[in-house]
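Chemist: Residue numbers (the working numbering): 61 to 161. All C-beta atoms, glycine included, are put in the ideal place defined by N, C-alpha and C. All values reported here derive from a predicted model rather than from experimental measurement.
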Amino acid sequence: MSAWTPNHGEAQTMPVLLAAIEGLKKEGYREAELDTALTPALQAVADSILGDGKYRPGYNRTFFAGVGHGFAVRANLSDPVAKAAKEGAFFAAVEWLRAHD
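Structure follows, in structure tokens:
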């Protein structure tokens, strides 16, 4: 543990973490139709803050019908709708990563 601590303090980890957060802001997010955490009212707030060019690096919210919160990581792959949404979110993320490499 003593060898790990000096290389994993705030000075080493925060720049990487902040860069990842900034990258996710630019990517946008994947929205689930049945999401109980990010309700339509909260989606509208996010759109009003980030949309219409207000967030200069870019903003994109992709909507997936028929799935709930966590669909991109906890999809029931035997459900064709959930599987398609999971794959769509994955491919959108890969596309963004390739575009911003």
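Can you tell which of 72, 145, 120 has its C-alpha closest to the C-alpha of residue 127?
Modeler: It is 145 whose Cα lies nearest to the Cα of residue 127.
Chemist: Which residues in the same chain as residue 148 place their Cβ atom closer than 7 Å to its Cβ, once the five residues preceding and following it in sequence are excluded?
Modeler: 124
Chemist: Using CA atoms only, rank isn't needed, just tell me which of 153, 70, 115, 114 is closest to residue 133.
Modeler: If you compare the alpha carbons of 153, 70, 115, 114 with that of residue 133, the shortest gap goes to 153.
Chemist: Hey, could you find the ends of the alpha helix (DSSP H) residue 151 is sitting in?
Modeler: 140-159
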